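Colleague:
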Amino acid sequence: MKLLFLTWFFFLQVMVPAKVRCVVMDMMPNAFDDQYIGCEAAMENEAPKLLEKEQSYEDFRMMWDQAAKAWARKKPGKTYSLPTGFKDEYGTAVVLYTMEIPHAIHPELNKNVSVAGQSRNYYMRNFHFKAFHFYLTRALQLLKPNCTNKYYTYRGSKTVYNVSDHVRFGQFGSSSLDYYVAGDFGKATFFNITTCSGTDITGLSNLKEEFEILIPVYEKFEKVQQMANLVTLKSTGKRCSYFNCAYFGGPKLVAPFCYFDSTSVNATIISSGKRGGYIPTERKRGSVRGNIHRNVHRARRLP
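With mature numbering (1 follows the signal peptide of the UniProt record, and there is no 0) as the guide, the letters of the sequence shown map in order to residues -22 to -1, 1 to 281.
#1: Applying the 10 Å Cβ sphere with the 16-neighbour rule, what's the burial state of residue 47?
#2: So which of 60, 76, 93 has the shortest CA-CA distance to residue 123?
#3: Mind listing, in chain order, the continuous beta strand (DSSP E) runs of no fewer than 3 residues lying wholly within the region 184 to 220?
#4: What separation, rounded to the nearest whole angstrom, lies between the Cα atoms of residue 235 and residue 77?
#5: Could you check the C-alpha separation between residue 158 and residue 30 for me, to the nearest Å?
#6: On a Cα-Cα basis, can you pick out the residue from 227, 174, 178 that is closest to residue 215?
#7: Would you call residue -2 buried or exposed, if buried means 16 or more other Cβ atoms sit within 10 Å of its Cβ?
#8: Closest by CA to residue 152, which one among 193, 169, 21?
#9: My output table needs one value for residue -19: the three-state DSSP class, helix, strand or coil.
#10: CA-CA distance, residue 64 and residue 96?
#11: In terms of residue numbering, what span does the beta strand (DSSP E) encompassing residue 134 cover?
#12: Tell me whether residue 56 sits in a helix, a strand or coil according to DSSP, three-state version.
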């Protein structure tokens, strides 16, 4: 009877509108996924000039300036500390990614990231977020340098995904510790995710109530299970990229190079205390959110 109920439940969940987009989710080889390994300092020197070009677009300049002012107010004092080398531009990039006034910029960034890796030439000529991508990537790298902790998180989407066995999101992947928050963003596909490289940006975000874990473009996952539109992904502990130091001539590789983080073997998991085996159908305010506040720093061993 329980099996029949679950089958019926998931059947209801996949009754999505006919116009919902369907996309193959694989290693997303057309995404621009540079980790800037070995050229961080050189890119740091170039980024201000690239940012100046990006700010020639008035809308971007206005939003960057707003984000910089917001970051100046958010910069930590005695409550928490930032890693060594964390620059104001990194914090500004995180704030900008989460801003929604006058409008959200992250959809445009991610749309461009998802196709900018077609070739190095395409990146150089057509990708107009070079500084933004670098600063946001560096922020995530410094905030989450290893996999001693993993996050169990959720991501809802209005897109139906045909999910391969090994995948990357192919963009900066927003997810949440709160599965009701994740459900607000769509239920056409709903992901349960264990992430190594995903970073808790709640303290830096403009939208603290989203309890956001931001996953970098290059993290590789394996599909553990798919039941209709409910997909479970587990990090492989690998950071995989087709590009490295592309701005300085690094070519696109035929197959991605991957760095394995050995700390992922004995990692602990941080979660809200509620693991969703189903897709949220309605918001229950306070139920999961209370658990997040109580448990976000309470690490549990992965099974």
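We treat Cβ as the ideally placed atom computed from N, Cα and C, and that holds for glycine.
Predicted model, so just to flag it, every value in this text is computed and none were measured.
Modeller: In short:
#1: exposed
#2: 60
#3: 190 to 193, 197 to 205, 208 to 219
#4: 33 Å
#5: 39 Å
#6: 174
#7: exposed
#8: The residue with the shortest Cα to Cα distance from residue 152 is 193.
#9: Caution applies to residue -19, whose pLDDT of 38 falls short of 50 and renders its modelled position unreliable; the model cannot decide the point.
#10: Taking C-alpha positions only, residue 64 is separated from residue 96 by approximately 30 Å.
#11: 127 to 135
#12: Low local confidence applies: a pLDDT of 42 at residue 56 is under 50, so the model's placement there is unreliable, with the coordinate-based value given in what follows. Three-state result, residue 56: coil.
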